[in-house]
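Numbering-wise (the numbering used here), the sequence shown opens with residue 184 and increments by one.
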Amino acid sequence: MERELSKLLGDRKVDLRTPSELSRYFRDEVLSTASVQYAKDDRVRLQHMLDAVNEALTFTEGRVRADLDHDRMLVLSLIRELEIIGEAASKVSRGTDRRTT
184 MERELSKLLG DRKVDLRTPS ELSRYFRDEV LSTASVQYAK DDRVRLQHML
234 DAVNEALTFT EGRVRADLDH DRMLVLSLIR ELEIIGEAAS KVSRGTDRRT
284 T
């Protein structure tokens with residue numbers, strides 16, 4: 184998930200940690216300067232988008248463009264994944280949207 188979020192953020196370093204995972208020697212300093220980068224709902228939406236992209240990639244593995252002309256199930260599956268991506272993207276908060284574009 185860290186690598187996927189890093190790519191979404193233009194290859195910026197992403198480090199997902201809970202406060203209890205931080206060293207006691209610098210935990211207070213980190214927590215005093217930390218800010219929430221994504222609202223909880225946005226994290227879920229971004230994960231849904233990543234999951235849909237990965238599903239679409241799985242569906243198209245080993246396929247060629249011509250398969251779309253003859254495999255209605257493939258077409259409908261890809262359309263559904265694009266719908267999921269679009270719906271999730273439309274509900275991402277403005278703050279998160281600005282940080283990822």
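C-beta: ideal position from N, C-alpha, C; glycine also.
Please read these numbers as outputs of a predicted model, since none were measured by experiment.
With respect to the 9 Å criterion, residue 275 and residue 246 are not classified as neighbours on the basis of their beta carbons.
Selection 277, 232 and 254 evaluated against residue 264 yields 232 as nearest (Cα-Cα). According to the DSSP assignment, residue 205 belongs to no alpha helix (DSSP H), since it is labelled neither H nor E. A direct Cα-Cα distance of roughly 18 Å separates residue 271 from residue 259. Less than 9 Å divides the Cβ of residue 205 from the Cβ of residue 214. Cβ contact annotation for residue 187 (same chain, cutoff 6 Å, sequence separation greater than five): 233, in chain order. If the five residues before and after residue 197 are omitted, its C-beta is found closer than 7 Å to the C-beta atoms of 185, 188 and 189, all from its own chain and listed in chain order.
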